[in-house]
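When the sequence shown is numbered by the working numbering, its final residue is 1149 and no position is left out of the sequence of numbers.
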Amino acid sequence: MTVAEYDKCVSQYSDNLYRFALKSLRSDDEAKDIVQESFLRLWENREAVLSGKEKSYLFTVAYRLIVDRVRMGKRYTGDESVLRTSPAPGRPDYNGISELIDRFLDELPPLQKSLIMLRDYEGYSYREMAEMTRLSETQVKVYIFRARTALRRIIGDINNIL
């Protein structure tokens, strides 16, 4: 991988990688650290990463770093309001919906949450997710099925309350 190819990867994938880390950790600083560490590892292992597999490599590294941080109990507990903005006048408040979805996702086990985010937010295939998480494709499908079932139950419980 040349410097130009690396720079292209940074410009192409840094935003998606950041959003993935931010949704998982809820901390701007932690998400930036994950992105920086992921790209550092890409550069350090540039000779071993196959051409065309850079995105999978980056998300795999980020996923594992996030799992490590969650296991160590370094989840963000600070003020999340700094990440929110008010909607423009006359525009719907999608932040409220986004926050509600985030709360629903937070009720899932970490692995299920990560798989849902990789599949539904980032568009990864089952095979790619299996490679990233070191699970079989069947296991990935089962975890996603269970996560979606749990989300339906959670949303159903909320509808019954409202």
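The beta carbon of each residue, even a glycine, is placed where N, CA and C say it ideally should be.
Since this is a predicted model, take the numbers as computed values, not measurements.
Consult DSSP for R1135 and reduce its assignment to one of helix, strand or coil.
If DSSP states are grouped into helix, strand and coil, R1135 belongs with the helices.
One question on the structure: do A1008 and V1022 come within less than 9 Å of each other, judged by their Cβ atoms?
In this structure, V1022 lies closer than 9 Å to A1008 by Cβ.
What number of angstroms, rounded off, separates the C-alpha of L1138 from the C-alpha of I1053?
Using only the alpha carbons, I get a separation of about 22 Å.
Going by beta-carbon coordinates alone, are N1003 and E1124 separated by less than 9 Å?
No. Outside cutoff.
Is K1010 helix, strand or coil by DSSP?
Looking at K1010 - three-state DSSP - the assignment turns out to be helix.
In or out: T1047 buried (at least 16 other Cβ within 10 Å) or exposed?
That one is buried.
Looking at the unbroken alpha helix (DSSP H) that takes in M1119, where does it start and where does it end?
Residues Y1113 to T1120.
Compare the C-alpha of E1041 against each of Y1113, G1143, L1092 and Y993 and name the closest.
E1041 has its Cα closest to that of Y993, out of Y1113, G1143, L1092 and Y993.
If you follow the alpha helix (DSSP H) that P1097 is in, where does it begin and where does it stop?
Residues P1097 to I1103.
For the alpha helix (DSSP H) containing T1047, name the first residue and the last one.
Run containing T1047: E1041 to R1058, per the alpha helix (DSSP H) assignment.
Answer yes or no: do E1115 and S1043 have a C-beta to C-beta separation smaller than 9 Å?
A contact, by the Cβ cut-off of 9 Å.
For my contact list, T1120 and Y1005 are in at a C-beta cut-off of 8 Å; report their separation, rounded to the angstrom.
Contact doesn't hold; Cβ gap of about 20 Å is too wide.
Using only CA atoms, which one of K1010, K995 and M988 lies nearest to E1086?
Selected option, being the one with the closest Cα: K1010.
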